[in-house]
Structures are given as C-alpha cells and as structure tokens.
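Numbering (the working numbering), first residue to last: 1 to 464.
A short write-up of the structure that comes next.
Next up, the structure:
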C-alpha cells in the first residue's frame, strides 16, 4: 500500500484476468455503495500496473495541479472561455497494459499503453471510451470530453493508444504497426473498462459509446466498423481518414509542404481539398502542423522514402521537430511501392459501420480538410449501404483545434459546443429512438454564445 495525500492507493502488478466479486444489487442502486466503496475490488483485467485513488472531484477543475490530469497535453484543444462542469466525486484508476515501447513518461512510468478510467459515484449506467487525439496522451481530452460525460453520470476511459509523441512511428517492427496498435489498444481498453464497470457497480454498462477527436475520431470510425458488438454508437469529431488508394493526409499534406517551401500555389492546395476561405489559417499551420504531420506519418507507412528525414528521431528542439522534410514536397503516394499501400491497408477504413455514428467537421479545417476527409467518408458509408446509421454535420467556421478561436473570434467558432449537442443527439437516437437532424451545415451565428452553445437543428439540410 502507498499513500497519496492520505488516500489509499492500490497497486496491482501483473493483474490476473479473473474478476473480483461484483457489488451487490443493493449497493449498485445507490451508485456503488457510497463514495469509492469497495475500491479495492476494482482490478483492470490484463493490466500490468494500476493505481486506484478516491477523489472528491474527477473533473479538470478538481484535478488541476495534481498528477491525475495533464493540462499541458490539453493545450489548444478548447477555447479558453469554455465552461466545464465540476464537482463529480468518484474513483480514478490509472495504469498501463503490458507493452514494449516507452514514449509515455506520465507518472514517471516511461511505459506506453497507459490508460485512465474514471468511475463517478453517481452512475447513469453508461460508459464512454476514447483515444488520444494527435500524438497526445490519455489525459488530452479531459476538458473536451471527460468533464461533461462524467457530470452526466457516465464512466469514462481513455487510452494513449500505445504510443505517443513525434517519434511514435518508431514503435513496432513493420510499417503501419504503430497506428495498427492504436486500434488494438482501444479495443483492449473498452473490454477491460466494461469489466471494471461491472466490478464497481454490479453489472456491465447498459450503453457503451466510442468517441474522439482527430485520431480519436479515426479510432471511433474503425471501432464501429470492426467491433460494433462492443458499442452502441459513436461521435466522430473530424476523424482522420485512411484509405488504400487515397485520399488521406499523405495525399493532401505533401502539397501543403510544397507551398511552405515555395514550390506550390494556393490553387494547388485548393485542388487537394483545402477550403477557399481558410487561407488566413495557413501561416499558423505551416509553422505548427504541416511539415511535422507529413514527415512522421510518412515515416510510419513509408520509412524507405527518405530514411534520413526524420531519421532516428523527429528532433530534440521545437524547430527540429516542426521542420518539414524537403523531400516531402514531391511525395507522391500513388506512385509508391505496393508495400506502402499494404501498410496503409492494415489500418484503412471501409465505411461499413455497424452502429450509429455522428460525424462533425469544420469547414475551415486546415489540417484535415473535410473535402478530402469526412466528405469522402460519408460517401463511403453511403456506398456500403450504411447511410441510415450515419449523420454528418459541417460546422461553419470550425477548424481543427478550437484553441484558434481565441486568435480569430470574428472568423471561427469552437466545435466543442456542437460536439456536446451531437453526443446528446446520439444518446437520444440510441436510447429513445429519436432521429437526429438530417445531414446539414450548422451555420455560425452572427451573434450570441459561440463558446458554449450550438443548435444542430434549424439549418438547411446539406446534400450528401
């Protein structure tokens, strides 16, 4: 036993898959028998290490300044004025599954496949699962997703996807291994979290939802295509698209890199999907996103293209990490060897979702332009005959990260309020049979609250 600020902390090394005795029905009726009752019974199946801690508030308001969240890893994902709920007591479980990579230094563990599971005292019977966006870690969406779903009574689970950081592509033995692990780790955590919920509350979750931002949105799509038996539905917030023939970021970002280096025009970016009207965002993306994103994902799927860049590491200084590889300005995915396309095929999407899915994408996304991403994915779903399971909302004035609203409040709008409305629409669809609005563009209001309000209804339906 260890003590964390006077609270018992259970460490379970190489936890056996055998579940502990569940709570009784009487205990479950009051949310699990009181504040953190029977926390010693909560064991994460398959975990190599876990730590349980009873907390007075599981939200970022209560966790700020503690080891149980990471505000730095959330930077830029939400607008600064975003209001979030607080005051949700319960049990937090941190730990990791067996893994061989060591990119994630959270808690000083230097061990990947880290997770967080939060179990509120007042449980509504549901579970929400997510994976980290970008190359971030397990606390990245605490403010964007965890706070509100916890306040609604859901249990919550998030994974670092099994690798993180600018050198994530070094994980694994074959091209595509690192991204393929993201899917495996999300499935692993979902199964484990469902059993943890049963231990804590006395029965398995009545509803399980998958959701996420960017790479987390990709995970949402992939899970609903490949493991629909685990979920009741999902919300995809501008998920990344991987297809064998393209498009993907490997077909749009090389042109962006070429423009950064002076060998492409604005019209060339428009031709690969970047929206007219998003040009004011391009200087920021040139410095922060385009070069880095292209080189590390190209290194993941096509390491032979330019072995010297990024080389053994994307860099040790911000300038090195963010710098583009000059060779990427002429990268042509279509002409690359079949082995590269096979690597992408291992993680490619098909559109064959097996559960209800709501997709949101900003029309000013300057990293994953919707014309080369969610527009395409919506058509893939329709061609697969699953269109009745899908709703697609274009958020006028939305871009890839809500933090940019603070810089351009007169031109952008945060997507988070629309995401919250979409999540409520999903649960109404699944649990009450209330159909969400038809596919549409959600207009940016000329005035009013953009940071914390968004109505999905009322705009004209968009053509599919």
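Glycine included, every Cβ here is placed at the ideal spot set by N, Cα and C.
All values reported here derive from a predicted model rather than from experimental measurement.
Option in the options with minimal Cα separation from residue i
i: residue 244; options: 163, 346, 129, 217; result: 346
i: residue 202; options: 436, 409, 152, 42; result: 42
i: residue 139; options: 422, 46, 93, 254; result: 93
i: residue 230; options: 420, 208, 96, 36; result: 208
i: residue 285; options: 259, 326, 174; result: 259
i: residue 261; options: 181, 326, 408, 222; result: 326
i: residue 352; options: 226, 184, 177; result: 226
i: residue 449; options: 425, 438, 436, 409; result: 409
i: residue 179; options: 199, 194, 192, 240; result: 240
i: residue 134; options: 454, 214, 168; result: 214
8 Å contact criterion, which residue i and residue j should meet: CB distance rounded
i: residue 196; j: residue 117; result: 6 Å
i: residue 147; j: residue 60; result: 6 Å
i: residue 328; j: residue 295; result: 6 Å
i: residue 376; j: residue 228; result: Contact flag wrong, Cβ pair sits at about 21 Å.
i: residue 106; j: residue 136; result: The pair is not a contact, with the Cβ atoms about 11 Å apart (cut-off 8 Å).
i: residue 350; j: residue 384; result: 7 Å
i: residue 132; j: residue 164; result: 7 Å
i: residue 150; j: residue 58; result: 5 Å
i: residue 403; j: residue 76; result: 4 Å
Collapsed DSSP secondary structure at residue i in the structure displayed
i: residue 403; result: helix
i: residue 120; result: strand
i: residue 159; result: strand
i: residue 149; result: helix
i: residue 141; result: coil
i: residue 22; result: Only weak support is given to the placement of residue 22: the predicted model assigns it a pLDDT of 32, under 50, and the value that follows is read from those uncertain coordinates. Residue 22 falls in the coil class under three-state DSSP.
i: residue 391; result: strand
i: residue 429; result: helix
i: residue 237; result: strand
i: residue 96; result: strand
i: residue 71; result: helix
i: residue 361; result: strand
i: residue 103; result: coil
i: residue 284; result: helix
i: residue 349; result: coil
i: residue 10; result: Legend: pLDDT at residue 10 = 26, less than 50; position of this residue unreliable, value from coordinates given subsequently. In the structure shown, residue 10 sits in a strand (DSSP, three-state: E or B).
i: residue 49; result: strand
i: residue 231; result: coil
i: residue 168; result: helix
i: residue 187; result: helix
i: residue 209; result: strand
i: residue 274; result: coil
i: residue 441; result: strand
i: residue 398; result: coil
i: residue 309; result: coil
Alpha-carbon to alpha-carbon, residue j and residue i
i: residue 34; j: residue 189; result: 25 Å
i: residue 23; j: residue 86; result: The pLDDT assigned to residue 23 is 34, lower than 50, so where the model puts this residue is not dependable; a value taken from the coordinates is nonetheless given after this. Rounded to the nearest angstrom, the two C-alpha atoms are 26 Å apart.
i: residue 331; j: residue 299; result: 12 Å
i: residue 119; j: residue 155; result: 5 Å
i: residue 69; j: residue 108; result: 14 Å
i: residue 406; j: residue 412; result: 9 Å
i: residue 333; j: residue 218; result: 20 Å
i: residue 440; j: residue 303; result: 40 Å
i: residue 306; j: residue 249; result: 17 Å
i: residue 204; j: residue 369; result: 39 Å
i: residue 363; j: residue 399; result: 7 Å
i: residue 415; j: residue 339; result: 37 Å
i: residue 89; j: residue 52; result: 14 Å
i: residue 372; j: residue 273; result: 5 Å
i: residue 452; j: residue 48; result: 39 Å
i: residue 456; j: residue 110; result: 42 Å
i: residue 78; j: residue 216; result: 15 Å
i: residue 27; j: residue 55; result: For residue 27, the predicted structure reports a pLDDT of 37, less than 50, and the residue's modelled location is therefore unreliable. A value from the coordinates is still provided. Using only the alpha carbons, I get a separation of about 19 Å.
i: residue 423; j: residue 122; result: 20 Å
i: residue 293; j: residue 253; result: 8 Å
i: residue 91; j: residue 36; result: 6 Å
i: residue 46; j: residue 96; result: 9 Å
i: residue 67; j: residue 290; result: 32 Å
i: residue 182; j: residue 62; result: 29 Å
i: residue 232; j: residue 186; result: 15 Å
i: residue 446; j: residue 378; result: 28 Å
i: residue 264; j: residue 255; result: 7 Å
i: residue 29; j: residue 192; result: Because the pLDDT at residue 29 is just 33, under 50, the model does not fix this residue reliably, and the point stays unresolved.
i: residue 170; j: residue 73; result: 21 Å
i: residue 442; j: residue 395; result: 5 Å
Near the ligand ATP: residue i beta-carbon under 8 Å from a heavy atom
i: residue 354; result: The model on display carries no ligand, and the ligand ATP is accordingly not part of it.
Evaluate contact between the region 132-151 and the region 78-87, counting only Cβ atoms and requiring at least three cross-stretch pairs below 8 Å. Here the region 132-151 lies against the region 78-87, with 3 or more beta-carbon pairs under 8 Å apart.
Below 8 Å, can you find three or more Cβ-Cβ pairs linking the region 125-132 to the region 96-115? Contact between the region 125-132 and the region 96-115 is not established, with fewer than three Cβ pairs separated by less than 8 Å.
If contact is defined by three or more beta carbon pairs under 8 Å, each pair taking one atom from either stretch, is the region 255-270 in contact with the region 382-399? no
Contact between the region 353-360 and the region 423-439 (3+ Cβ pairs under 8 Å): With the cut-off at 8 Å, the region 353-360 and the region 423-439 touch.
Assess contact between the region 279-294 and the region 231-238, defined as three or more Cβ pairs (one per stretch) separated by less than 8 Å. Is contact present? no
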